[in-house]
Amino acid sequence: MSAWSGIAWLVVLLLGNAFFVAAEFAIMSARRSQIEPLAEAGSKRAKVTLGAMESVSLMLACAQLGITVCSLLILNVAEPSIHHLLSVPLHALGIAESISAPVAFVVALLLVTFLHVTFGEMVPKNMSVSAADKAALLLAPPLVFIGKGVRPVIVALNWSANHIVRLFRIEPQDEVASSFTLEQVQSIVAESTRSGLVDDQTGLINGALEFSTQTAGDIMVPLGQVVTLPPTATPVDFEHMVGKTGYSRFVFADDAGTLLGYLHLKDVLPIPVSRYELPIGEGRVRSLVNLAVDEEIEDALAIMQRTGSHVARVISPDGRTVGVLFLEDVIEQLVGEIRDATQTQVQGRRKA
1 MSAWSGIAWL
11 VVLLLGNAFF
21 VAAEFAIMSA
31 RRSQIEPLAE
41 AGSKRAKVTL
51 GAMESVSLML
61 ACAQLGITVC
71 SLLILNVAEP
81 SIHHLLSVPL
91 HALGIAESIS
101 APVAFVVALL
111 LVTFLHVTFG
121 EMVPKNMSVS
131 AADKAALLLA
141 PPLVFIGKGV
151 RPVIVALNWS
161 ANHIVRLFRI
171 EPQDEVASSF
181 TLEQVQSIVA
191 ESTRSGLVDD
201 QTGLINGALE
211 FSTQTAGDIM
221 VPLGQVVTLP
231 PTATPVDFEH
241 MVGKTGYSRF
251 VFADDAGTLL
261 GYLHLKDVLP
271 IPVSRYELPI
281 GEGRVRSLVN
291 LAVDEEIEDA
301 LAIMQRTGSH
311 VARVISPDGR
321 TVGVLFLEDV
331 IEQLVGEIRD
341 ATQTQVQGRR
351 KA
């Protein structure tokens, strides 16, 4: 093999190594959520890419096999070629063959190491990770094609690797992870907010992430803090309490403290002025839905929406009423504080 043909092979092997490195990182970094819509739209490349992501263990075996073969051949091809190219100037300088051979080897090693690490590893890796979805669509299909050609080899390698991994009591994964735990998403949002990539001043994102961790008991108003009206309350009493507290909903309770229901300001407004001095009457009072104190907040919201009740009675495991849950407080856990002209804020919580 001539010196220049060896250099040509060096370039080919570096490109081959770069391809396998880029394909490996692309398949590992690509987001399934970006590939699936393309596959559903009929893209053959996307379908093949999805298949590669679902067989990531075999694809990694194929990529690693390609990287290893290219890496081993690079030095074998480069050293004699570079030695041949350096022999003339080294002889011209009067350097003996016993010295020129080690010098050529060292130069070849340093040069090939630089080219291999830079152009065969780091550059393709960084390019692939920076545009993982596009890189996966471009590189996964040819990697799958190569994998089919060497399937017996990579199946054997994959089988061996999986059994070795299981010896360490770790279960091998055949598919790229495409989902995150709640804690991981919270960490991503926190870091993105800290670095200025995400603006969550209203707390909407964190509220949505923490929503499922809350229970009715966490955000209810304890029974002793609930502002109530007696069954004999008149519209005048109701309006007086609205002006005093800023609330628009009030729970009705009897002398024993038993919660009877609730009433909204808009339920009182239609009452004729001539009846303002008379009791509102239980017929206008809306019923309360019952919730367990440990009811998850999303389930509590679903129950309140289904029953049409904006206020719920929170009951302890022993059957005692321990508090009241207002629909607005549930929604505020998700979207942040809600303000409007008919409500005020008292002690950091609004119960209107």
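Each step along the sequence shown adds one to the number in our numbering, with nothing skipped, and position 330 is 330. Heads up, the beta-carbon is just placed ideally off N, CA and C, and yes, glycines get one too.
Could you tell me if residue i is buried or exposed, where buried requires 16 or more neighbouring beta carbons within 10 angstroms of its beta carbon?
i, result
"V117", "exposed"
"K351", "Because K351 carries a pLDDT of 42, less than 50, the predicted location of this residue cannot be relied on, and the following value inherits that uncertainty. Flag for K351 reads buried."
"L110", "exposed"
"R31", "exposed"
"P124", "buried"
"A96", "exposed"
"I74", "buried"
"F168", "exposed"
"I99", "exposed"
"V103", "exposed"
"I170", "exposed"
"G224", "exposed"
"T344", "At T344 the pLDDT is 44, less than 50, meaning the model places this residue with poor confidence; the figure from the coordinates comes in the next sentence. Its Cβ having fewer than 16 others within 10 Å, T344 is exposed."
"G348", "Low confidence applies here, because G348 scores a pLDDT of 35, under 50, leaving its location unreliable and the question unanswered by this model."
"G147", "buried"
"A216", "buried"
Less than 8 Å between the CB atoms is what I'm expecting for residue i and residue j, so what's the real figure, rounded?
i, j, result
"L157", "L14", "With 8 Å as the limit, L157 and L14 do not qualify as a contact, their Cβ atoms being about 23 Å apart."
"I331", "N290", "Going by Cβ atoms, the distance from I331 to N290 rounds to 20 Å, so no, they are not a contact pair."
"A22", "M127", "7 Å"
"E79", "F105", "6 Å"
"G6", "V77", "5 Å"
"V324", "M220", "6 Å"
Kindly list the residues whose CB is nearer than 6 Å to the CB of residue i, restricted to its own chain and excluding five residues on each side of it in sequence; keep chain order.
i, result
"T49", "I35, A136, L137, A140"
"A39", "A46, K47, L50"
"V346", "With a pLDDT of 37 at V346, under the threshold of 50, the modelled position of that residue is not reliable, and no figure is offered here."
"A18", "G120, P124"
"F20", "A63, G66, I67"
"V268", "P235, F238"
Using a Cβ-Cβ cutoff of less than 8 Å, which residues in the same chain neighbour residue i once the five nearest sequence positions on both sides are dropped?
i, result
"G94", "none"
"S287", "G261, S309"
"P172", "S57, A161, N162, V165, R166"
"R249", "Y262, L263, H264, L265, H310, V311, F326, K351, A352"
"V107", "I82, L86"
"A101", "H83"
"R275", "P235"
"P222", "V322, G323"
Quick one: what's got a C-beta closer than 7 Å to residue i's C-beta in the same chain, skipping five residues either side?
i, result
"L143", "A23, A52, M59, C62, A63"
(Q) For the structure I just gave you, are there three or more beta carbon pairs, one from the region 248-268 and one from the region 219-232, closer than 8 Å? (A) Enough Cβ pairs lie closer than 8 Å, so yes.
Q.
Give the list of continuous beta strand (DSSP E) stretches no shorter than 3 residues that lie fully inside the region 232-262.
A. You should have 249-253.
Q. Does the count of Cβ pairs from the region 298-305 and the region 270-284 closer than 8 Å reach three?
A. Touching, no, given that fewer than three Cβ pairs across the two stretches are closer than 8 Å.
Q. Is the region 20-35 touching the region 56-70, taking contact as three or more C-beta pairs under 8 Å?
A. Because the criterion of three Cβ pairs below 8 Å is met, the region 20-35 and the region 56-70 touch.
Q. Within the chosen definition, does the region 73-88 reach the region 144-164 through at least 3 CB pairs nearer than 8 Å?
A. By the C-beta criterion, the region 73-88 is judged not to be in contact with the region 144-164, since fewer than 3 inter-stretch pairs fall below 8 Å.
Q) Where are the beta strand (DSSP E) runs, 3 residues long or more, that stay fully inside the region 285-318, in chain order? A) Here the runs fully enclosed are 289-292, 311-315.
**Q.** Every unbroken alpha helix (DSSP H) inside the region 103-148 [4 residues or more]
**A.** Unbroken alpha helix (DSSP H) stretches of 4 residues or longer found wholly inside the region 103-148: 123-130, given in chain order.
Q: At 3 residues or longer, and completely inside the region 32-77: list those beta strand (DSSP E) runs for me, N to C.
A: List check, beta strand (DSSP E) in window: nothing returned.
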